[in-house]
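Q:
Numbering (full-length UniProt numbering), first residue to last: 1 to 139.
(1) Hey, quick one: how far does the alpha helix (DSSP H) through residue 94 stretch, first residue to last?
(2) Can you tell me which of the three DSSP states residue 61 falls into?
(3) Within the same chain, show all residues whose beta-carbon is closer than 6 angstroms to that of residue 57, passing over the 5 residues directly before and after it, in chain order.
(4) Grouping DSSP H, G and I as helix and E and B as strand, with all else coil, what is residue 146?
(5) In chain order, what residues of the same chain lie with their CB nearer than 6 angstroms to the CB of residue 81, ignoring the 5 residues before and after it?
(6) Can you tell me whether DSSP reads residue 45 as helix, strand or coil?
(7) I need the straight-line Cα distance from residue 124 to residue 61, nearest angstrom please.
(8) Counting Cβ pairs closer than 8 angstroms, one from the segment 38–54 and one from the segment 93–106, do we hit at least three?
(9) In or out: residue 111 buried (at least 16 other Cβ within 10 Å) or exposed?
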């Protein structure tokens with residue numbers, strides 16, 4: 001059997017890698033790079049309180065609150081839960097307050113947008129974030 005000289009066939013063929021010689025963390029890193037070629041960008045963002053809750057639940061009973069169970073409960077991917085549990089970063093006191101305010105503003109912005117669409121009731125607290133004030137200001 002002759003080998004093909006077609007460039008598409010040659011490009012598609014990958015020589016098997018010798019996994020025994022490589023370290024486990026390198027194999028894992030390459031697998032993640034194949035899975036997420038453009039980098040990690042989760043479609044759903046979780047609040048800092050939710051992140052703390054995930055860590056606390058897993059810490060209290062890891063057998064009951066596995067990665068799969070937490071992913072299903074918080075409606076996010078198991079990869080996101082794995083990264084949350086793996087992360088050891090904790091914010092400083094000023095960062096905690098800044099993150100809380102930022103999430104509060106995000107909540108108000110999303111709530112006012114849904115209120116404009118008729119999906120949520122109008123709330124005075126979210127009124128400054130409403131686009132309708134900007135659109136109909138001149139009328």
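Ideal placement from N, C-alpha and C gives every residue a C-beta, glycine not left out.
Remember, it's a predicted structure, so these values are computed and weren't measured experimentally.
A: In short:
(1) 93–116
(2) coil
(3) 65
(4) Nothing in the structure corresponds to residue 146, since the chain is present only between 1 and 139.
(5) 67, 70 and 71
(6) coil
(7) C-alpha separation (whole angstroms): 41 angstroms.
(8) Of all C-beta pairs linking the segment 38–54 to the segment 93–106, three or more are shorter than 8 angstroms, placing the two stretches in contact.
(9) buried
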